[in-house]
Structure formats: structure tokens, C-alpha cells
Amino acid sequence: MQPFPPLTTNGTNKPDGFFPEVLQAVCASIKVECKAEVYPWRRAFAMMSGGTADGMLMLLKTPERTVAFNIGPPVLQSAYVLYTAPGTTVRYTSPADLAGYTVAGYGPSGTSVAAEELGRLAPNSRVEIEVDNQTALRKLRQGRYGGKAVVVINKELGRFLLNQDGDAGLRQIGELKKTEYYIGLSRTRMPPELAERFNQALRQLLRDGTINAIAQKFDVKAAPPQ
45 MQPFPPLTTN GTNKPDGFFP EVLQAVCASI KVECKAEVYP WRRAFAMMSG GTADGMLMLL
105 KTPERTVAFN IGPPVLQSAY VLYTAPGTTV RYTSPADLAG YTVAGYGPSG TSVAAEELGR
165 LAPNSRVEIE VDNQTALRKL RQGRYGGKAV VVINKELGRF LLNQDGDAGL RQIGELKKTE
225 YYIGLSRTRM PPELAERFNQ ALRQLLRDGT INAIAQKFDV KAAPPQ
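Here my numbering is used: the first residue of the sequence shown is 45, the next is one more, and so on.
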């Protein structure tokens, strides 16, 4: 998994956060031992794609990933939101509201895909892709994108980072799009019958409220049972 607080964090002795706790609950239910490790996004995804990891936490679901990975039910409901610098009065209701804006986001990632999509729809806008979310927020805070700029970021991560670093007047101006996060399992490393046991247990924990209780602990929203 990648570090993505409060959903995944590299704790003092072991990974912590919403997704590691969900993982351990599922593994306990099917009576297998699971070890979670935190890596930068590109390395984590490469390990999963290359068959050196059994699974990956917190994936966005795409047609390509559905072919490559065994993806179970959605685990978390979230959204991409927009932040702007102090002193701006814009509110986001449609891409037209951001005509002439710089749209920044972390990538390559699902965030950068959302930023690039917004950039295509907002008239006369330009897109800046940064190496991490902190850099995008810092540049926005410092005015380095100019007077008309927004940062696209995951809702929970944005809230965490602004609480951690101080918001310096940054303002959330609206929700860009809703999204869901999943757990992906390797089709090359994990036997299909074990993957099916894992996903069935995950569905049961979503139904019986176990996942929702974990979500409440971290102030996030569990996906509805399927």
C-alpha cells in the first residue's frame, strides 16, 4: 500500500489506518496471516503488477485494473475536492467556473487523471502535475500557481494534510467527483479460491457493520454493502 493518511499510514511498529485495519479484519475472518507494508505509490503498484505482492490496498477501479487484478467490492466512499488560495471567492459548480485557472494535482495517479479531465473541460485552463500532494498544496499556499488556481486532492487526505500543516487560509470550494476505493488481489500470486474467500469475507464484514465501525474510528465513510 502507499502512504495515504488517514486511510493508510506508516505507523511506528506497523502500518495503521482505515485500510490496514480492514485488511486485518478480513484476514482474521478467513484465518490467514496477512502482512501489510508501506511503499511509495509507484513501487507499490509495480510490485503488485509484477507479481511480487499478493495484493494492494486502496485502489481505484479501472477497466485495465479489473483485467489485471482480482478486485472485490468497494470498501470506501470518497471524493476529489478542490482547494483554492486565500482571498479568492470562486465557488465550484461546473468547469466553466474555473475558466483561465491553473489546475494542479499529484500524479501520475487517479488524482492527476481527475485534474487533467477538469483541465480539458475548464476553458483556457492549464494543468500542473506535481510529485506529491504536499507540493501541490504548498505551491497553492505560496501563490506559485498565480492568482487563479485550484488543487485537486482526495477529500480525506486534504483534510489530514491541512490539519497537519496548517491551512494558511486555503479554502475548499467544492466537490469535483465522487470516487470509491478497493482492495486489489494479484491474479498471478493468489489462488482464485483464496481470492474468492477473501472477497466473500469482505462482503460479509461490510454487511454486518464491522467495516463501518472501523470507518467511524477514522472519520471516513465505508462503502455500502453489495
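Here a beta-carbon is modelled for each residue, glycine too, at the ideal position from N, C-alpha and C.
Status (buried if at least 16 other CB within 10 Å, exposed otherwise) for ALA143: ALA143 is exposed by the Cβ-count criterion.
Of the listed residues GLN260, ALA123 and PHE63, nearest to ALA80 (C-alpha basis): PHE63
Residue environment, LEU165, which counts as buried when at least 16 other CB atoms sit within 10 Å: exposed
Ordered list of beta strand (DSSP E) runs contained in the region 83-135, each at least 3 residues: Runs found: 99-103, 113-115 and 120-128.
Same chain, Cβ closer than 8 Å to GLU77, five either side skipped, listed in chain order: CYS71
Where ALA267 sits in the DSSP three-state scheme: ALA267 falls in the coil class under three-state DSSP.
Residue from LEU101, PRO84, PHE242 and GLU160 with nearest C-alpha to TYR225: LEU101
Beta-carbon contacts of ASN54 that lie in its chain and below 6 Å, excluding the five residues immediately before and after: PRO47 and VAL82
Touching by the beta-carbon criterion (3+ pairs, under 8 Å), the region 169-186 and the region 105-120: no
Reduced DSSP secondary structure (H/G/I, E/B, other) of GLY154: helix
GLY228 and LEU103 closer than 8 Å at C-beta: For GLY228 and LEU103, yes; Cβs fall inside 8 Å.
ALA97 versus GLY131 - alpha carbon distance: Those two C-alpha atoms are separated by around 46 Å.
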